[in-house]
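Colleague: In our numbering, the protein residues as written are 19 to 202.
Yeah, the Cβ is synthetic: ideal placement off N, Cα and C, and Gly gets one too.
Here it is as structure tokens:
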């Protein structure tokens, strides 16, 4: 059972003056969209449509997206070259415990640059991103039937209790309960 899979993601970037009003639209977020929303996004990417049609389509899209549920089970990978390098290495080895400063030194960039890149490209801090990456990696291990005591160090936790707390914070349940759901 593979829990981490690739999916289709449409990235939409809008100038602040073109975004819908409200606090939901001030930072990056992942929304679950239906076929109509996806098609509207593709349509709006066409630079040849006239202004009146664009405005009507945009208003319809905003109305639909206002009710679209946020997805927190998606891990965005940063586009910035340095941050992307860090994310690829953490995904390959979730137990890697290097700090943001250590990564920055290794890549020859400032830690502030890396920090800003993670927030700008993923909507979350480096620490939050690494925790999510570790939790998503743990899902496959748990699905294979590995125990919490074995999974915790493989994803960078020194103690099972620390891993369980991070898992509960991320998924709202314990690894044991989550694993039980997988076995049904």
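For a test of the three-state rule: what should DSSP assign to residue 47, helix, strand or coil?
Modeller: coil
Colleague: Between residue 110 and residue 127, which are expected to be in contact by the criterion C-beta below 8 Å, what is the C-beta distance as a whole number of angstroms?
Modeller: Residue 110 to residue 127, Cβ: 20 Å. No contact.
Colleague: Just curious, the alpha helix (DSSP H) that residue 182 is in, first and last residue?
Modeller: 178-189
Colleague: If you draw a straight line from the alpha carbon of residue 195 to that of residue 62, how long is it in whole angstroms?
Modeller: 43 Å
Colleague: Could you compute how far the alpha carbon of residue 131 sits from the alpha carbon of residue 123?
Modeller: 11 Å
Colleague: Which value, in whole angstroms, describes the spacing of the CA atoms of residue 19 and residue 119?
Modeller: With a pLDDT of only 33 at residue 19, under 50, the local geometry of the prediction cannot be trusted, and the value read off the model is given with reservation. For residue 19 and residue 119, the distance between alpha carbons rounds to 36 Å.
Colleague: Residue 150 and residue 177: beta carbons closer than 9 Å?
Modeller: no
Colleague: For residue 203, which of 182, 168, 95 and 103 has the nearest alpha-carbon?
Modeller: Given a span of 19 to 202 for the chain in the structure shown, any question on residue 203 remains unanswerable.
Colleague: Return the first residue and the last residue of the alpha helix (DSSP H) that residue 33 is part of.
Modeller: Here residue 33 belongs to no alpha helix (DSSP H), and DSSP marks it neither H nor E.
Colleague: So, for residue 105: in the same chain, excluding its five sequence neighbours on each side, which residues have a beta-carbon less than 6 Å away from its beta-carbon?
Modeller: Within the same chain, residue 105 has close Cβ partners 95 and 96.
Colleague: Using CA atoms only, rank isn't needed, just tell me which of 81, 92, 39 and 66 is closest to residue 29.
Modeller: Comparing Cα positions, the closest option is 92.
Colleague: Residue range of the alpha helix (DSSP H) that residue 279 falls in?
Modeller: As shown, the chain starts at 19 and ends at 202. That puts residue 279 outside it, with no answer to give.
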